[in-house]
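2 protein chains.
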Amino acid sequence: MVRRRQSVTIKHVAADAGVSLQTVSRVINSEANVRPEMKARVQASIDKLGYVPSIAAQRMSGSKSYLILALNDRERTIEAWKAREGNDWVDQMLMGGMLMCAEHGYRLIFELVDTHDDNVQRELKAAIAALQPDGVILTPPHADNPLITDLLTAHRIPFARIGAETRDGAIALTMGDDRLAALAVRHLIAKGHERIGFIAGSREYALSGWRKRGWLEAMTAAGLATDGLCERGDFSYDSGEAAARRLLSGKVRPTAIIASNDQMAMATNAVAHELGMRVPGDLSLISFDNTPVVRFVQPPLTAIEQPVADTVAKAVELLIMANRGEPLPPMPVVIEGSLIERDSVAAPRRG
Amino acid sequence: MVRRRQSVTIKHVAADAGVSLQTVSRVINSEANVRPEMKARVQASIDKLGYVPSIAAQRMSGSKSYLILALNDRERTIEAWKAREGNDWVDQMLMGGMLMCAEHGYRLIFELVDTHDDNVQRELKAAIAALQPDGVILTPPHADNPLITDLLTAHRIPFARIGAETRDGAIALTMGDDRLAALAVRHLIAKGHERIGFIAGSREYALSGWRKRGWLEAMTAAGLATDGLCERGDFSYDSGEAAARRLLSGKVRPTAIIASNDQMAMATNAVAHELGMRVPGDLSLISFDNTPVVRFVQPPLTAIEQPVADTVAKAVELLIMANRGEPLPPMPVVIEGSLIERDSVAAPRRG
DNA sequence: TTGAAAGCGCTAACAC
DNA sequence: GTGTTAGCGCTTTCAA
Numbered sequence: 001m002v003r004r005r006q007s008v009t010i011k012h013v014a015a016d017a018g019v020s021l022q023t024v025s026r027v028i029n030s031e032a033n034v035r036p037e038m039k040a041r042v043q044a045s046i047d048k049l050g051y052v053p054s055i056a057a058q059r060m061s062g063s064k065s066y067l068i069l070a071l072n073d074r075e076r077t078i079e080a081w082k083a084r085e086g087n088d089w090v091d092q093m094l095m096g097g098m099l100m101c102a103e104h105g106y107r108l109i110f111e112l113v114d115t116h117d118d119n120v121q122r123e124l125k126a127a128i129a130a131l132q133p134d135g136v137i138l139t140p141p142h143a144d145n146p147l148i149t150d151l152l153t154a155h156r157i158p159f160a161r162i163g164a165e166t167r168d169g170a171i172a173l174t175m176g177d178d179r180l181a182a183l184a185v186r187h188l189i190a191k192g193h194e195r196i197g198f199i200a201g202s203r204e205y206a207l208s209g210w211r212k213r214g215w216l217e218a219m220t221a222a223g224l225a226t227d228g229l230c231e232r233g234d235f236s237y238d239s240g241e242a243a244a245r246r247l248l249s250g251k252v253r254p255t256a257i258i259a260s261n262d263q264m265a266m267a268t269n270a271v272a273h274e275l276g277m278r279v280p281g282d283l284s285l286i287s288f289d290n291t292p293v294v295r296f297v298q299p300p301l302t303a304i305e306q307p308v309a310d311t312v313a314k315a316v317e318l319l320i321m322a323n324r325g326e327p328l329p330p331m332p333v334v335i336e337g338s339l340i341e342r343d344s345v346a347a348p349r350r351g
Numbered sequence: 001m002v003r004r005r006q007s008v009t010i011k012h013v014a015a016d017a018g019v020s021l022q023t024v025s026r027v028i029n030s031e032a033n034v035r036p037e038m039k040a041r042v043q044a045s046i047d048k049l050g051y052v053p054s055i056a057a058q059r060m061s062g063s064k065s066y067l068i069l070a071l072n073d074r075e076r077t078i079e080a081w082k083a084r085e086g087n088d089w090v091d092q093m094l095m096g097g098m099l100m101c102a103e104h105g106y107r108l109i110f111e112l113v114d115t116h117d118d119n120v121q122r123e124l125k126a127a128i129a130a131l132q133p134d135g136v137i138l139t140p141p142h143a144d145n146p147l148i149t150d151l152l153t154a155h156r157i158p159f160a161r162i163g164a165e166t167r168d169g170a171i172a173l174t175m176g177d178d179r180l181a182a183l184a185v186r187h188l189i190a191k192g193h194e195r196i197g198f199i200a201g202s203r204e205y206a207l208s209g210w211r212k213r214g215w216l217e218a219m220t221a222a223g224l225a226t227d228g229l230c231e232r233g234d235f236s237y238d239s240g241e242a243a244a245r246r247l248l249s250g251k252v253r254p255t256a257i258i259a260s261n262d263q264m265a266m267a268t269n270a271v272a273h274e275l276g277m278r279v280p281g282d283l284s285l286i287s288f289d290n291t292p293v294v295r296f297v298q299p300p301l302t303a304i305e306q307p308v309a310d311t312v313a314k315a316v317e318l319l320i321m322a323n324r325g326e327p328l329p330p331m332p333v334v335i336e337g338s339l340i341e342r343d344s345v346a347a348p349r350r351g
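Protein chains in written order, with UniProt numbering: chain A, 1 to 351; chain B, 1 to 351.
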C-alpha cells in the first residue's frame, strides 16, 4: 500500500507567495477581500507550482465536494444496456453532464439504484454519505419517487428532476413533450393526414401522459376525431407491436402513427410491413427519442429528437447555480427537442 | 451555502458500540487484531446507524480514495458522440467499469483528455491532484502515450492499459485481436473463400496491427495468397469506402472482406451494393466491434464482438487487486471476443 | 488486542 | 484586506 500525499498543497503555494493559507484559499474560491495584486501574486504561484486543490480536503472542511450524482434506475439501465438495441441515453447523459461538470470543475458520478426496492433509501443514503454530492440528477422513474426526493430534501442536497412534474419550485426539467407531440401531429396534418394514431408509453412515466396530451390536444384543436386512435404500450418493442396491430386492425385504420418511443415505432414499422403496408406510402410514422438506430431502419424514421445531453447539461448547470445560491429561473426549465425529417412520412394515399 | 456535515460518523458508531474510533476503523477496513465479538458488536452498530464512511475523510487520512479514473481521448470521444453513429463504447466502458466498481465500493469517474495536446500532463496532473484516484484506466491511444504512463508511474498510481502493447509487466488487457482476426479468416475459409480481403485500421492503434497480423498469419497458414488483398483505412466510414473501392476494383477482387471496424464494414457494404454486388451472394463481409448498428444494416453483419464491458470490468478488478497488493496474473490479460454470425457471410459464387 | 494522539489539506469563523 | 485558529472524519502512528 502506497501512502499517497498531495504533492503540492495550499501550504506550498502560501509559502511560495509569502501569504497565509487563507489568502490562497480566498483566491482559489474567488472570494472578495483580496487585493488584485495579492491575487495576482498568489495566482502566479498557483500556476508556477501547478497547484490544484484536493476535492477531498475541500469537502472535509465543510465546503463543496464538487461531485454531482446522476441516479438511474438499475434494472432498466442494465436491461437497456444488455439488449444493445442502440439506445444511447446513458451515453447522452454522461457526455452532456460530464462536459458541463468539467467546465465548472465538477465531476459527474453515475450510479444505479433500484427504484422498486425497499432499499432505495438505504442505497441512496450510502451514496450520499460516501460522496457528499453537491447535487443529484434524477431521471424517470426516480424523479417521481418520494422516497428519493424526500431523502434528498432532508439532507438539503439540491436535486434536479428530469421528465417529472414540477413541484414546489424545485429544479425540474422537461423536453417539452406535449408541444413536441403536437408538433408531430401538425406535421402530419400538413401532409394531409386526418386519422393519426398514437401509441402511448408506460403510465409510470409522467412524460407518457404529456406526449399523449400533446397529441390529443393538437388533434382536437384541428377538429379531428381521436376515438379508437390511441393504444398504450410500455416502451418495449413487443408492446409496440401489439399496440400497432390493434391500431391497424381497428375500425378507424390510421394513415399515420406517432409512437412514444423508437422501439415501439420500429415495431409498428415491422407490423405495417407484415400487413403488406408500405411505409410511408400506406402508413406514415413518427417516433419519439431519435436514438441512433432509427437512421438504420428501412425506411429511416422521421423522429422527435429528445435533447438528452443538453437537458442533463442544463440540470448540472442549475445544480451548480443552486449551490452558489444564485437565483434560478422559473420551473420547469424546458429544453425543447425538434422534429427530424427522414423518410417515414408522406401524404396519405387517396381514398 | 449549506454547510453539510456527515450525519453518522465513525464517532457515533464508536459511542454506540462503546469502543474507540480505532476499533471501528479496524472493522471497516477488515483489519486483523479485532476479536470476533468486538467486530460483531461494532458491525451491529454500523448496521443500526446506517453508517457509511466518507470517502473524502478516508482519502484525507492518507488511505484510499475509492475512485477509479477512466481516461478517454477527448477529440475522438466527442466526435463519436456527436456523430451518433450508434457506437456504444462509452456505454460499454461506463457500465462494465461502474458495475465492477460498485461491487467493491469504488466509483468510476469518466474523464476526457487531449492526447495530442501538450497539456496532457497538465490536465492529468490536475485530475490526479483533485481526485487522487486509486487507479486509472487507459484506452487507446492514451494507453500508448508515454507522457501519460510516465506521469502515472511517477505518481505511483496503478494504471491499466487497454488495447496496448504489454510493457514491463504493467497491467495490460487485450481482446485477443489477432486470434479474432484469424478466427474470421478461418470462418470464411470454411465457407469456401480463398480471396479474403482485409481493411486495416489506423496505425495509431496497436490493435490495428494485431488484427492485420491475425489475418495475414491465418491466410498464410492456409496457404492462401494475400498480395493486393489488404488496404488501410483509419476507422472512419469514408476511409472504409475508399479502401473497399480499391479492393473491389483491384486485380484480385476478393470474394470476402474483413473490415477492422463496423463503420468501415458498413462502408464496404454500401460500396458493394453500389457496384451491383450482392452481400453475401457476391461478397461476404465480417466486421470488427459489433456495435449495435450492425444489426440494423441490410444485411445484418456477421461481426467480431469486442467485449468492451467485460474488459473494462476486468481492468477495474485488476486495479483494485493492485491496490490491495494482491498478486496479479501474467500480462496481458486477454478477454477474448467471439464471432457473431448474422447474414453477411455465404459461400462464394462459383467461378 | 485496544486506545489516545497527531495530522491529512482545506475552509469557516473570527480576530486584527 | 489579511492572518490565526479550530475542526471536518478518518487513518496512521505509537503507547498501553
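Cβ atoms here follow ideal geometry from the backbone N, Cα and C, with glycine treated the same way. In this text the structure is predicted, and so the values were computed from the model without any measurement.
Check, Outcome
"Using a threshold of 7 Å, state whether the C-beta atoms of A80/B and L108/B are closer than that.", "no"
"Please list the partners that F296/B has in chain A, where partner means a Cβ-to-Cβ separation under 8 Å.", "G86, V293, F296 and V297"
"Assuming G281/B and A221/B form a contact by the criterion Cβ under 8 Å, report the distance between their Cβ atoms to the nearest whole angstrom.", "About 28 Å; that fails the 8 Å criterion."
"So what does E231/A bridge to, in DSSP terms?", "I199/A"
"In this structure, how does DSSP classify S30/B when only helix, strand and coil are distinguished?", "coil"
"Can the beta-carbon of F110/B be found closer than 7 Å to that of M100/A?", "no"
"Name, please, each residue of chain A whose Cβ falls closer than 7 Å to the Cβ of A57/B.", "M60"
"Can you give me the Cβ contacts of V120/B inside the same chain, cut-off strictly under 8 Å, excluding the 5 residues immediately before and after it?", "V113, D114, N145, L147 and I148"
"Does K251/A pass the burial test, meaning 16 or more other C-beta atoms within 10 Å, or should it be called exposed?", "exposed"
"G135/B by DSSP, collapsed to three states: which one?", "strand"
"Quick one: give me the first and last residue of the alpha helix (DSSP H) that S208/B is part of.", "A206 to A221"
"Based on the DSSP secondary-structure assignment, which residues constitute the bridge partners of E85/A?", "Paired residues: none, contrary to the question."
"Tell me, please, whether the CB atom of R107/B is closer than 7 Å to any CB atom in chain A?", "yes"
"Going straight from the alpha carbon of residue 354/A to that of P140/A, what length do you get?", "The structure shown does not extend to residue 354/A, since chain A is modelled only from 1 through 351, so no value can be given for it."
"Using only CA atoms, which one of L173/B, P327/B, L285/B and L207/B lies nearest to I340/B?", "L285/B"
"Using the Cα positions of S61/B and W89/A, report the straight-line distance between them to the nearest angstrom.", "38 Å"
"Give the DSSP-derived three-state secondary structure of L283/A in the structure shown.", "coil"
"Taking L49/B as the reference, which of R76/B, A17/B, V34/B and S63/B has the closest Cα?", "A17/B"
"Taking 8 Å as the limit between beta carbons, can you name the residues of its chain near D227/A, skipping five residues before and five after?", "V252"
"Do the CB positions of S344/B and V279/B come within less than 7 Å of each other?", "yes"
"Let's see if you can read the secondary structure: which residues bound the beta strand (DSSP E) around T302/B?", "T302 to E305"
"Going by beta carbon distance, what residues of the same chain come within less than 7 Å of K64/B, once the five residues before and after it are set aside?", "Q58, D134 and N323"
"On a Cα-Cα basis, can you pick out the residue from R211/A, A170/A and D310/A that is closest to K82/B?", "D310/A"
"Say whether the region 226-244 of chain B touches the region 186-200 of chain B, bearing in mind that this needs 3 or more beta-carbon pairs closer than 8 Å, one atom from each stretch.", "yes"
"Mind pulling the beta strand (DSSP E) runs of 3 or more residues that sit fully within the region 107-192 of chain A?", "107-113, 135-138, 159-162 and 172-174"
"For Q306/B, which residues of its own chain have a beta-carbon under 6 Å away from its beta-carbon, when the five flanking residues on both sides are left out?", "M175, D289 and G337"
"Which whole-angstrom value describes the C-beta separation of W215/B and A181/B, a residue pair presumed to lie in contact below a C-beta threshold of 8 Å?", "5 Å"
"Quick check: is the beta carbon of K125/B nearer than 7 Å to any beta carbon in chain A?", "yes"
"Taking the alpha helix (DSSP H) that I55/B falls in, what are its first and last residues?", "I55 to M60"
"Against chain A, which members of the region 128-142 of chain B pass a CB distance test of less than 7 Å?", "A129, A130, L131 and Q132"
"Can you check which of these residues, E75/B, A56/B and A313/B, is closest to L67/A by C-alpha distance?", "A56/B"
"If you run the structure through DSSP and keep just helix, strand and coil, what is N72/B?", "strand"
"Between which two residues does the alpha helix (DSSP H) carrying I10/B extend?", "I10 to A17"
"Check this for me: beta carbons of L173/A and F159/A, under 7 Å apart or not?", "no"
"Can you tell which of I171/A, G86/A, I157/A and A315/A has its C-alpha closest to the C-alpha of Y237/A?", "G86/A"
"Counting contacts by CB-CB distance shorter than 7 Å, is V52/B in contact with chain A?", "yes"
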